[in-house]
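Engineer: Chains as they are written, first to last, in numbering that gives the first Met the number 0: chain Y, 0 to 124; chain U, 0 to 124; chain Z, 0 to 124; chain B, 0 to 124.
We put the beta carbon where it would ideally sit given N, CA and C, even for glycine.
If you're wondering where the values come from, they're calculated on a predicted model, not measured in any experiment.
A single structure is presented below for examination.
Protein chains: 4
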Amino acid sequence: MFIEIETTSDIPIYTQLVNQLIGLIAAGILKPNEPLPSVRSLAADLGVNMHTVNKAYHELERKNILKIIPKSGAVVNDLKIPTEQQISTITQLLKPIIAESIVYGMQEEEIVSLASLLFSEYKEG
Amino acid sequence: MFIEIETTSDIPIYTQLVNQLIGLIAAGILKPNEPLPSVRSLAADLGVNMHTVNKAYHELERKNILKIIPKSGAVVNDLKIPTEQQISTITQLLKPIIAESIVYGMQEEEIVSLASLLFSEYKEG
Amino acid sequence: MFIEIETTSDIPIYTQLVNQLIGLIAAGILKPNEPLPSVRSLAADLGVNMHTVNKAYHELERKNILKIIPKSGAVVNDLKIPTEQQISTITQLLKPIIAESIVYGMQEEEIVSLASLLFSEYKEG
Amino acid sequence: MFIEIETTSDIPIYTQLVNQLIGLIAAGILKPNEPLPSVRSLAADLGVNMHTVNKAYHELERKNILKIIPKSGAVVNDLKIPTEQQISTITQLLKPIIAESIVYGMQEEEIVSLASLLFSEYKEG
DNA sequence: GTGGTCTAGACCACG
DNA sequence: GTGGTCTAGACCACG
Chain Y
0 MFIEIETTSD IPIYTQLVNQ LIGLIAAGIL KPNEPLPSVR SLAADLGVNM HTVNKAYHEL
60 ERKNILKIIP KSGAVVNDLK IPTEQQISTI TQLLKPIIAE SIVYGMQEEE IVSLASLLFS
120 EYKEG
Chain U
0 MFIEIETTSD IPIYTQLVNQ LIGLIAAGIL KPNEPLPSVR SLAADLGVNM HTVNKAYHEL
60 ERKNILKIIP KSGAVVNDLK IPTEQQISTI TQLLKPIIAE SIVYGMQEEE IVSLASLLFS
120 EYKEG
Chain Z
0 MFIEIETTSD IPIYTQLVNQ LIGLIAAGIL KPNEPLPSVR SLAADLGVNM HTVNKAYHEL
60 ERKNILKIIP KSGAVVNDLK IPTEQQISTI TQLLKPIIAE SIVYGMQEEE IVSLASLLFS
120 EYKEG
Chain B
0 MFIEIETTSD IPIYTQLVNQ LIGLIAAGIL KPNEPLPSVR SLAADLGVNM HTVNKAYHEL
60 ERKNILKIIP KSGAVVNDLK IPTEQQISTI TQLLKPIIAE SIVYGMQEEE IVSLASLLFS
120 EYKEG
């Protein structure tokens, strides 16, 4: 698992974990139906508390990205078509960043290229 | 000032303020070189703590979006070309959202259109 | 036996088994004095651990719904009139659900109709 | 707050708390828009850990029964009309209990009266 | 062996 | 002062 936690960051560890796990799934390194490491083993690997990993897993379950199977583990869900709610979530997250890019003087072309580039980077490797 | 604060939201008030001020600047409602309302008056308007508005202004200064002139007030900076650092900031903010959209099954076309749409809404609306 | 176990559910398998067996008895599919399948065969059928089926059977015996005859098997009891204790059990189970329905804004008419509907579905279908 | 926790029960403390708080709301003792005690004060009152109360509050928020306002407290939501999902939740909870009552030999009339009685007890005090 | 629950205690961000 | 986050450590239910 290529996960790196910055304990000095002011982003909560469980949020860092959520983001990095999403990144690994987006990059295809963690595949649908593939089991994630147990909360205990991942916590030991990363040197963080079991509860912190557990919170990240539950956050990902809430986002419908994985399914926690009690006493067994967690597996990545196979999502094919985004739901209305998921598109709305992405829109709400995107809004303030687009605004910020405009304020910085970026052009539509630039922000669109950037989004496109990042998309390809995940998809292709 | 068309700012609405949701005191019950779990997004900190100062973050809401930062985002809404960025939105107003992106939409051209607050223009470069235009002075912002004083910390005191904006706080009174919104019914929030003075320190909260102050924190938002300093956050915007840190982002180089406005300039705080002690004893005088704050003015919107005139940003024409994004700096390396600002592009890097936007990239870092965009990354986890693009990843999340991929995990939800969104296509490149969809995410690019969404970014483009949001960009236009600010610029034209 | 029309029993379906969801191994990914967060309801324990033995609880699912208890509920489904109660459902089959309520629907008249399993009849009084009729022997249940052996722990071993049911476990094999469902692909679950023998101990899990055993635990479910003992839970049903504790509820006085079936009788386990050691070395022989389990048979459905013929219950005609509910005991005080059974009515008390049902009351205790019902209480928090009625409370939750009230909190959700349901009317007495609605909850009573729902109970009545579910009753008929078991009895007639 | 008339809440009693049984530490010896095998029902998790946070579940007991959830049920009792729902009961207090159903009975109108806790009213819509009324603030609940802080997690710390309620935990101290009941002699349980802060995190346990916190978990109960979050569970009630998930059920849309209250709203947690970070740094401020929690307030009871004002629910007027049950959503589809809430009716479905109640139905799923009711099902196995209705089945169990049938197995015990209860008649439709009895179970309906019981539901009606419990409803009235909450509503009228 | 796994996740679930709970405790005790700590520091922090927000306002 | 509040909830949010995190840790360290414990016992338990399930299977």
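Determine the extent of the alpha helix (DSSP H) in which glycine 22 (chain U) is found, giving its start and end residues.
Structural biologist: 12-25
Engineer: So, using beta-carbon positions, are isoleucine 21 (chain Z) and leucine 113 (chain B) closer together than 8 Å?
Structural biologist: Going by C-beta atoms, isoleucine 21 (chain Z) is not nearer than 8 Å to leucine 113 (chain B).
Engineer: Identify every residue that forms a DSSP beta bridge with valine 74 (chain Z).
Structural biologist: According to DSSP, which records beta bridges pairwise, valine 74 (chain Z) is partnered with Z:Pro34, Z:Lys66.
Engineer: What does the alpha-carbon distance come out to for the pair tyrosine 121 (chain Y) and lysine 94 (chain Y)?
Structural biologist: 21 Å
Engineer: Assign asparagine 53 (chain B) to one of three DSSP states: helix, strand, or coil.
Structural biologist: Here asparagine 53 (chain B) sits in helix by DSSP.
Engineer: Do you know whose CA, among Y:Val75, Y:Gln84, Y:Ile97, lies nearest serine 119 (chain U)'s CA?
Structural biologist: Y:Ile97
Engineer: Based on Cα-Cα distance, which residue from B:Thr7, B:Thr14, B:Leu41 lies nearest to phenylalanine 1 (chain B)?
Structural biologist: B:Leu41
Engineer: Name the two residues that bound the continuous alpha helix (DSSP H) containing serine 115 (chain Y).
Structural biologist: 107-123
Engineer: Output, in chain order, the set of chain B residues within a Cβ distance shorter than 7 Å of threonine 7 (chain U).
Structural biologist: Counting only Cβ-Cβ distances below 7 Å, threonine 7 (chain U) has contacts in chain B at Lys66, Ile68, in chain order.
Engineer: Check each residue of the region 1-32 of chain B: if its Cβ is closer than 7 Å to any Cβ of chain Z, include it; give the result in chain order.
Structural biologist: Asn18, Ile21, Gly22, Ile24, Ala25
Engineer: Under three-state DSSP, which class holds isoleucine 4 (chain Y)?
Structural biologist: Of the three classes helix, strand and coil, the one that applies to isoleucine 4 (chain Y) here is coil, per DSSP.
Engineer: Against chain Y, with Cβ distances strictly below 8 Å, would tyrosine 56 (chain U) count as a contact?
Structural biologist: no
Engineer: Considering only their Cβ atoms, is the gap separating glutamine 19 (chain Y) from glutamate 5 (chain Y) smaller than 8 Å?
Structural biologist: no
Engineer: By the three-class DSSP mapping on this structure, what secondary structure does isoleucine 97 (chain Z) have?
Structural biologist: helix
Engineer: Just to confirm my understanding: we take serine 8 (chain Z), look at its own chain, exclude 5 residues before and 5 after, and list those with CB closer than 8 Å. What are they?
Structural biologist: Exclusion of the five residues before and after serine 8 (chain Z) leaves Gln15 as the residues of its chain whose Cβ lies within less than 8 Å of its Cβ.
Engineer: Cutting at 7 Å between CB atoms, please list the residues of its own chain near asparagine 76 (chain B), excluding the five before and the five after it.
Structural biologist: Pro31, Asn63, Ile64, Leu65, Lys66
Engineer: Counting only beta-carbon separations shorter than 8 Å, does threonine 51 (chain U) have a partner in chain Y?
Structural biologist: Put simply, the CB of threonine 51 (chain U) is far from chain Y, with every gap to its CB atoms at 8 Å or more.
Engineer: Taking proline 11 (chain Z) as the reference, which of Z:Pro34, Z:Ala25, Z:Ala55 has the closest Cα?
Structural biologist: Z:Ala55
Engineer: Suppose you measure from the CA of leucine 35 (chain U) to the CA of glycine 72 (chain U); what does that come to, to the nearest Å?
Structural biologist: 7 Å
Engineer: Pull out every residue of the region 78-107 of chain B whose Cβ sits closer than 7 Å to any Cβ of chain Z, in chain order.
Structural biologist: Listed by position, the residues of the region 78-107 of chain B near chain Z (Cβ gap below 7 Å) are Leu78, Lys79, Ile80, Pro81, Gln85, Ile89, Thr90, Leu92, Leu93, Lys94, Pro95, Ile96, Ile97, Ala98, Glu99, Ser100, Ile101, Val102, Tyr103, Gly104, Met105, Glu107.
Engineer: For chain Z, is any of its Cβ atoms less than 8 Å away from the one on serine 37 (chain B)?
Structural biologist: Closer than 8 Å: no.
Engineer: Check the Cβ-Cβ distances between serine 115 (chain Z) and every residue of chain B, and say whether any is below 8 Å.
Structural biologist: yes
Engineer: Between the C-alpha atoms of isoleucine 68 (chain U) and histidine 57 (chain U), what's the straight-line distance to the nearest angstrom?
Structural biologist: 11 Å
Engineer: I want to verify the contact list: residues of chain B whose CB lies under 7 Å from the CB of valine 74 (chain Z), in sequence order.
Structural biologist: Residues of chain B passing the Cβ test: none, with the nearest at roughly 14 Å.
Engineer: Using a Cβ-Cβ distance cut-off of 8 Å, determine whether valine 47 (chain B) contacts chain Z.
Structural biologist: no
Engineer: Our contact map puts asparagine 48 (chain U) next to valine 38 (chain U) with C-beta atoms below 8 Å; I'd like the distance itself, whole angstroms only.
Structural biologist: With a Cβ gap of about 10 Å, asparagine 48 (chain U) and valine 38 (chain U) do not count as contacting.
Engineer: Return the chain-ordered list of same chain residues with a C-beta closer than 7 Å to the C-beta of leucine 45 (chain U), the five sequence neighbours on each side being excluded.
Structural biologist: Ile2, Ile4
Engineer: Hey, how far is the Cα of leucine 23 (chain U) from the Cα of leucine 29 (chain U)?
Structural biologist: Distance between the alpha carbons of leucine 23 (chain U) and leucine 29 (chain U): 6 Å.
Engineer: If you draw a straight line from the C-alpha of alanine 43 (chain B) to the C-alpha of histidine 50 (chain Y), how long is it?
Structural biologist: 23 Å
Engineer: Between the Cα of leucine 117 (chain B) and those of Z:Gly104, Z:Ile110, Z:Pro81, Z:Ile80, spot the shortest distance and give me the residue it belongs to.
Structural biologist: Of the candidates Z:Gly104, Z:Ile110, Z:Pro81, Z:Ile80, the one whose C-alpha sits nearest the C-alpha of leucine 117 (chain B) is Z:Ile110.
Engineer: Just the C-alpha distance for serine 100 (chain Z) and leucine 78 (chain B), rounded to the nearest angstrom, thanks.
Structural biologist: 11 Å
Engineer: Cβ of glutamate 107 (chain U) within 8 Å of Cβ of serine 115 (chain Y)?
Structural biologist: yes
Engineer: Since glutamine 85 (chain Z) contacts tyrosine 103 (chain B) with CB under 8 Å, what's their CB separation in whole angstroms?
Structural biologist: The pair is a contact, with the Cβ atoms about 4 Å apart (cut-off 8 Å).
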